[in-house]
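Residue numbers (the UniProt record's numbering): 1 to 477.
Ideal Cβ positions, reconstructed from N, Cα and C, are used throughout, including at glycine.
Treat the numbers as computed from the prediction; the structure is a model and nothing was measured.
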Amino acid sequence: MSKEKRTIEKLLEEALVPEQEKPYEIPENWMWTKLEDVCSRVTDGTHKTPRYIDSGIRFISIANIKPFKPIDWNSYTKFISIEEHRELIKRAKPERDDVLFPRIGTLGYAKRIDFDEEVSIFVGLGLAKPIKEIMNPKYLELYMNTLFVKNYSISKANGTGRLTLPLKESKAMPVALPPFSEQKRIAEKVERLLSKIEEAKQLIEGAKETFELRRAAILDKAFRGGLSKGLHVKEKNENNEDEIEINHNTEEFYELPYNWRWVSLESVCETITDGDHQAPPKSEEGIPFLVISNINKGLLDFQKTRFVPKEYYNKLHAKRKPKVGDVLYSVTGSYGIPVLVDTDKEFCFQRHIAILKPSEDIRSKYLYYILKSRLVYNQATNYATGTAQLTVPLSGLRKIKIPLPSLNEQNYIVGKIERMFNKQAYAEKSCIISNENIEVIKQSILSKAFKGELETNNPSEENAIELLKEVLQEQIK
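(1) Counting only runs that start and end within the region 168 to 234, where is the beta strand (DSSP E) found for 3 or more residues in a row?
(2) Based on the DSSP secondary-structure assignment, which residues constitute the bridge partners of Phe79?
(3) In angstroms, rounded to a whole number, what distance separates the CA positions of Lys189 and Phe450?
(4) Name the DSSP bridge partner or partners of Leu290?
(5) Run through the DSSP bridge pairs and tell me what Thr33 is partnered with.
(6) Assuming contact is defined by CB atoms lying nearer than 7 angstroms, are Ala92 and Ile121 in contact in what I supplied?
(7) Hey, out of Ser330, Leu340, Glu25 and Val331, whose CA is closest to Lys323's CA?
(8) Between which two residues does the alpha helix (DSSP H) holding Thr381 run?
(9) State the start and end residues of the unbroken beta strand (DSSP E) segment that holds Arg261.
(10) Taking C-beta to C-beta, are Lys372 and Leu227 nearer than 7 angstroms?
(11) Taking the C-alpha atoms as reference points, what is the distance between His248 and Gly206?
(12) Kindly list the residues whose CB is nearer than 7 angstroms to the CB of Val17, restricted to its own chain and excluding five residues on each side of it in sequence; keep chain order.
(13) Check whether the region 43 to 53 touches the region 107 to 115, taking contact to mean three or more Cβ pairs, one atom from each stretch, closer than 8 angstroms.
(14) Between the alpha carbons of Leu394 and Gly325, how many angstroms are there, rounded?
(15) By the three-class DSSP mapping on this structure, what secondary structure does Cys325 have?
(16) Where Glu13 and Glu36 are concerned, what is the direct C-alpha to C-alpha distance, given to the nearest angstrom?
(17) Give the DSSP-derived three-state secondary structure of Phe122 in the structure shown.
(18) Cα separation between Gly56 and Asp97?
(19) Near Pro23, what residues of its chain come up, given a Cβ to Cβ distance below 7 angstroms and the 5 sequence neighbours on each side ignored?
(20) Answer with buried or exposed for Gly452, where buried requires no fewer than 16 other C-beta atoms within 10 angstroms of its C-beta.
(21) In angstroms with no decimal places, state the Cα-to-Cα distance between Trp73 and Ile60.
(22) How far does the beta strand (DSSP E) with Val99 in it extend, from its first residue to its last?
(23) Mind checking Arg86: buried by the 16 CB within 10 Å criterion, or exposed?
(24) Please name the residue or residues paired with Ser330 in a DSSP beta bridge.
(25) Per DSSP, what kind of secondary structure is Pro137 in: helix, strand or coil?
(26) State whether the region 419 to 428 contacts the region 390 to 407, with contact taken as three or more CB pairs (one from each stretch) at a distance under 8 angstroms.
(27) By the DSSP assignment, the beta strand (DSSP E) with Lys401 in it spans what residues?
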């Protein structure tokens, strides 16, 4: 009997986290133990690449799991034979309520298996099989999504660029263990709170989508004369020789205020061309050479640019040298992105970008905003050619039709658009901040939950150490 007692005490000593290594204070009837002591097994997937087939048993990886989300079957779609699966599950057999967690790459999150389909897993995934008599699987899943577990995983990982968490460190991970009934209360309360947070997050995401729609609506109204009512009934536009006859019954074009006119882009621009079609010489320094990735956010981005020699730039035709007030426009791949040139910095650009140099009949910012409109984008789409990568030809771009009011009204419209966009930008920034705060609140809830601070603790409940003793008792039988 004394030998048995000493054995239990020895096992208990090994299972408990030493006092000096306890991460933080927890309620008195909780205990700090290790992941391997509340799981029947902690392992990982196969260390060799299996032979893939067209259909069979799903073979999943890190890409398939996200915290608090259903398994994403589409992120990584591989299958193996039933024979190979049977071999692989000798090492790791994923089953309902087991907890998957990444061991390679981005660390510190987990996903409980909430499906019954048989799968095998790759080496990048860890697998924890909680002992259900002592560890609530939902509680363990939530715990393994805490900031503490993330920080622990990163601190114990090997490597610099792509981190790898050794299996032995996963097994030794400290786990805050409450009494069993409290685990259930914590899991239920946290899930309720996270569900409310998710609802708030969805509302914010919905609001962000409406911002884009509202911007499009503002531009649509602006270029129908809706933002400048009163102005266009007082003024008369001159120089109507470039006016284009439009069928107002078409879906694309509409009736304009009487002193506006439909014109082609080429009729209100000095030139419309694109970047040099010859591959430019490379240089370690010199003149920045922009590609679509340098403008695809709607701004000039001189970070991570290539360079061309000054001599090459000097030989370019003036129509290919951007000046303040010109507008760049992507015409290949991610086409339809306008960027206003607002710097006198010398630079040039690839042939997948067009440059429009406005004439005295159109304000630069008016041209920029009309190029952002759905009206112009739809016409560009109609002119686009190609299969794998669509391209808007210069001939088509030049023919695109836009509504043109007087210069005074253009100024007024631009001012109105910018005031409305600025208001919206403020609201959008508030949404972004709210979204960031939601992640902070989520981690705050998880942190409080696993410190016993969510009002779920009942001090009169039996100490969690008794749970662990029961499991250890089975080990010495």
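So, from the data block:
(1) 174 to 177
(2) Ile53 and Arg58
(3) 12 angstroms
(4) Phe349
(5) Leu16 and Val175
(6) yes
(7) Leu340
(8) Arg374 to Tyr383
(9) Arg261 to Ser264
(10) no
(11) Unreliable positioning characterises His248 in this predicted model, as indicated by a pLDDT of 41, which lies under 50. The coordinate reading is nonetheless provided below. For His248 and Gly206, the distance between alpha carbons rounds to 34 angstroms.
(12) Trp32, Thr33, Lys34 and Pro174
(13) no
(14) 20 angstroms
(15) The sequence as given places Gly at residue 325; Cys does not occur at that position. In the structure shown, Gly325 sits in coil (DSSP, three-state: anything other than H, G, I, E or B).
(16) 14 angstroms
(17) strand
(18) 23 angstroms
(19) Phe148 and Pro174
(20) buried
(21) 8 angstroms
(22) Val99 to Pro102
(23) exposed
(24) Ile353
(25) helix
(26) no
(27) Lys401 to Leu404
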